[in-house]
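Visitor: Here you go, one structure.
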Amino acid sequence: MILTIELSVIMMAGLFLMLLAGVAFIQDKRYFTSAPKDVQEAILPRGERFPGAYAIGWILMALSLFLIVGALIFGGWQGIREDFGFLGFYERFLLMIILVKIFDILFFDWFLLCHSNFYPHFYPETKGIVGPHQFGFNKKSHVMQIAAGFVVAAVLSGICIVLK
Numbered sequence: 008m009i010l011t012i013e014l015s016v017i018m019m020a021g022l023f024l025m026l027l028a029g030v031a032f033i034q035d036k037r038y039f040t041s042a043p044k045d046v047q048e049a050i051l052p053r054g055e056r057f058p059g060a061y062a063i064g065w066i067l068m069a070l071s072l073f074l075i076v077g078a079l080i081f082g083g084w085q086g087i088r089e090d091f092g093f094l095g096f097y098e099r100f101l102l103m104i105i106l107v108k109i110f111d112i113l114f115f116d117w118f119l120l121c122h123s124n125f126y127p128h129f130y131p132e133t134k135g136i137v138g139p140h141q142f143g144f145n146k147k148s149h150v151m152q153i154a155a156g157f158v159v160a161a162v163l164s165g166i167c168i169v170l171k
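Numbering of the sequence shown is given in my numbering, commencing with residue 8 and proceeding in unit increments.
Next up, the structure:
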């Protein structure tokens, strides 16, 4: 159980690095498709913030994917070594997915979007647009992602059982 929580924290770090790479360094509007519509409309196109910003962003993006995928692979590999059954894998992967989703809702949506200066720092044009009134703007998306998490956990568990 502790390893599962540790792997979830690693995935959370990867998810944050992914957000940071997109918002602070790469700064491409395509990475804002999950943001509220009024924020998407307010964001102005911009070039590279400083020489090397894109390179840093893409390195952080690759690192974030490595952390996320690596945590899932390590969780599966360790479960195979510990002779988990389907239910053991399913519980691990589902808990990891749900913990990361809770992190997404509380940290990204509630804190960064609604109660911090994170987005206005990088995109001053969003000052006054982002705020507490936007919390819950994507409830439907969150519910769908949580529902998909049950399926993804089952698929990952099935893959681990086959590899075992």
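Just so it is clear, CB atoms sit at the ideal spot from N, CA and C, and this is done for glycine as well.
Is the number of C-beta pairs between the stretch 50-61 and the stretch 82-91 that are closer than 8 Å three or more?
Guide: no
Visitor: Are the beta-carbon atoms of CYS167 and PHE96 separated by less than 8 Å?
Guide: yes
Visitor: Where are the alpha helix (DSSP H) runs, 4 residues long or more, that stay fully inside the stretch 67-128, in chain order?
Guide: Taken in chain order, the unbroken stretches of alpha helix (DSSP H) that lie wholly in the stretch 67-128 and span 4 residues or more are 93-110.
Visitor: If you check the beta carbons only, do LEU79 and PHE157 fall under 8 Å apart?
Guide: Contact flag unset, no.
Visitor: Under the three-state reduction of DSSP, which class applies to PRO58: helix, strand or coil?
Guide: For PRO58, the secondary structure class from DSSP, reduced to helix, strand or coil, is coil.
Visitor: Does DSSP classify MET18 as helix, strand or coil?
Guide: helix
Visitor: Have a look at LEU170 and ASP45 and give me their C-alpha separation to the nearest angstrom.
Guide: 46 Å
Visitor: Taking its Cβ as the centre, do 16 or more other Cβ atoms sit within 10 Å of ILE17, making it buried, or is it exposed?
Guide: buried
Visitor: How far does the alpha helix (DSSP H) with PHE32 in it reach, from first residue to last?
Guide: That residue, PHE32, is in no alpha helix (DSSP H); it is neither H nor E in DSSP.
Visitor: Go ahead and pull the three-state DSSP assignment for PHE23.
Guide: Helix at PHE23.
Visitor: Could you check whether the Cβ of ARG53 sits closer than 8 Å to any Cβ belonging to chain C?
Guide: No chain C is part of this structure, which consists of one protein chain only.
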